[in-house]
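S.K.: Residue numbering for the sequence shown follows the working numbering, starting at 417 and increasing by one per position. Just so you know, even glycine gets a beta-carbon here, dropped at the ideal spot from N, CA and C. Note that the structure is a prediction, hence the values are computed from the model and not measured.
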Amino acid sequence: MTQEIPDFRYTELDRKIWEEKLEKFVPHRIFDAHTHFWSNRFVTPETRCDNDWLDHQTDGELLLRVSQMLYPGRTVDFLTFSMPVTGADYERLNPWAASEVKKLSPHSLAAMLVTPDIPGETIRTMVKTYGFAALKPYHLFAAPGRIRIRDYFTPEQMEAADEGKLAVVLHCRSGVAADIAELEECATRYPGIRWILAHCGAAFNPDFLEPVVRRLADMPGIWFDISGICEVYPQALLLKHVNRKRIFFGSDIALGSGGCRRGRVVSLANSVLWYKNPERTTFWVYEQLLAMRRACDLMELTGSEVEDIFFRNAADFFRPEG
Ligand SMILES: [Zn+2]
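In structure tokens, the structure reads:
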């Protein structure tokens, strides 16, 4: 059965971790607010990719099957967007993502990948036409040497998002602490935008979040997904300081990539090690869930609060009408 999924292997160790450590912790309803699609049919002569994203394909059917292996017996809704591959054919890729998401579940949603060259007007039209629930700019789309949020998510695009009261999944370049002043400025200037800081504000090292977590807690219009964070402390920081209704579960899964990689994201001094190793390791997303279980235990969350983070917070955020 597992061999039928390309690029995906589910081992006895994975099963043991799920059954002994995660089965009782992960609630029956999940909203996975950070997942990826990719297909090489959208590669162009301009495509540039320094990692292995182009080696793996994930469409709606595969994403659903992988999530059923990872969270057996769970009902899952998704927010899904393309892998942020530079120079891909986003004119065709974004509509494809919007159609693939329909294969996941009736309430699953797509986000639109936004490169800095896409005019605000195109965003308005695309959101209306394809029903995107969020925008997904990405720091790798900035021109070389450019480091501000505005370099990959332009003021014109922010205006369109503000006007439409859109959600924006933001992966801060090197952690939210480095971007906090600009984020505060943008949040004030565009109060209609609902910012979702991916990966706890890209807190792969707790130092990227710790100095600013109280400032973030006081900012209106800020939510968080905890995808990819395999350590307890950044998660505990959010649970301690931030309104827990503003935290979403996300897995960062895609075939052979993100949360489906084996190993762990490890913080070292003031940097991050993307530790990948197929031997005697489990998925990054299982490491993230183990850290989450420990953080929730440490911060004494109630069962209902855990269910909120796994499902209700994102479900209420994306479809408040129920
Ligand atoms: Zn991601």
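Give the range of the beta strand (DSSP E) segment to which residue 692 is assigned.
M.R.: For the purposes of this step, residue 692 is identified with residue 276 of the sequence shown, where counting begins at 1. Counting along the chain, the beta strand (DSSP E) containing residue 692 begins and ends at 687 to 692.
S.K.: I'd like the span of the alpha helix (DSSP H) that includes residue 720, first residue to last.
M.R.: Here residue 720 refers to the residue found at position 304 of the sequence shown. Here the alpha helix (DSSP H) through residue 720 covers 719 to 723.
S.K.: Indicate whether residue 452 and residue 499 have their beta-carbon atoms separated by less than 9 Å.
M.R.: Taking the first residue of the sequence shown as 1, we reach residue 452 at position 36. Taking the first residue of the sequence shown as 1, we reach residue 499 at position 83. It is a contact, given that the beta carbons lie within the stated cut-off.
S.K.: Going by DSSP in three states, residue 490 sits in which element: helix, strand or coil?
M.R.: Here the question's residue 490 lines up with position 74 in the sequence shown. Residue 490 falls in the coil class under three-state DSSP.
S.K.: Considering only residues of the same chain and omitting the five flanking positions on each side of residue 462, which have a CB-CB separation below 6 Å?
M.R.: For the purposes of this step, residue 462 is taken as residue 46 along the sequence shown, with counting starting at 1. For residue 462, where only same-chain residues beyond five positions count, the Cβ hits under 6 Å are 503.
S.K.: Could you have a look at residue 613 and say whether DSSP puts it in helix, strand or coil?
M.R.: Stepping through the sequence shown from its first residue, residue 613 is reached at position 197. Looking at residue 613 - three-state DSSP - the assignment turns out to be strand.
S.K.: For the beta strand (DSSP E) containing residue 529, list its first residue and its last residue.
M.R.: Reading the sequence shown from its first residue, position 113 is the one you call residue 529. Counting along the chain, the beta strand (DSSP E) containing residue 529 begins and ends at 525 to 530.
S.K.: Residues in the same chain with beta-carbon distance under 7 Å from residue 727, minus the five sequence neighbours each way, listed in chain order, please.
M.R.: Looking up residue 727 in the sequence shown gives position 311. Hits under 7 Å: 443, 445, 446, 447.
S.K.: Could you give the residue range of the beta strand (DSSP E) that holds residue 683?
M.R.: As a working mapping, residue 683 is identified with position 267 in the sequence shown. Start and end: 679 to 684.
S.K.: Relative to ligand 1, is the shortest distance from any of its heavy atoms to the C-beta of residue 466 smaller than 8 Å?
M.R.: On the sequence shown, residue 466 is found 50 positions in, with the first residue counted as 1. Residue 466: no, Cβ never under 8 Å from ligand 1.
S.K.: Please list the terminal residues of the continuous alpha helix (DSSP H) segment that includes residue 541.
M.R.: Here residue 541 refers to the residue found at position 125 of the sequence shown. Counting along the chain, residue 541 sits inside the alpha helix (DSSP H) bounded by residues 536 to 546.
S.K.: Enumerate, from N- to C-terminal direction, the unbroken alpha helix (DSSP H) stretches of 4 or more residues contained entirely within the segment 600 to 682.
M.R.: 615 to 618, 629 to 634, 648 to 657
S.K.: Could you check what DSSP says for residue 479 in three-state terms: helix, strand or coil?
M.R.: In the sequence shown, residue 479 corresponds to position 63, counting from 1. Helix, per DSSP.
S.K.: Nearer than 8 Å: is that true of the beta carbon of residue 668 relative to any heavy atom of ligand 1?
M.R.: Taking the first residue of the sequence shown as position 1, residue 668 is located at position 252. Yes, since a heavy atom of ligand 1 falls inside the 8 Å radius drawn around the Cβ of residue 668.
S.K.: Inspect the CB distances between the segment 613 to 631 and the segment 686 to 700 and report whether three or more fall short of 8 Å.
M.R.: yes
S.K.: For residue 591, verify whether its CB is less than 8 Å away from any heavy atom of ligand 1.
M.R.: As a first step, residue 591 must be located in the sequence shown, where it is residue number 175. No, the beta carbon of residue 591 sits no closer than 8 Å to any heavy atom of ligand 1.
S.K.: Suppose you measure from the CA of residue 660 to the CA of residue 697; what does that come to, to the nearest Å?
M.R.: In the sequence shown, counting from the first residue as 1, residue 660 sits at position 244. In the sequence shown, counting from the first residue as 1, residue 697 sits at position 281. One C-alpha to the other measures close to 30 Å.
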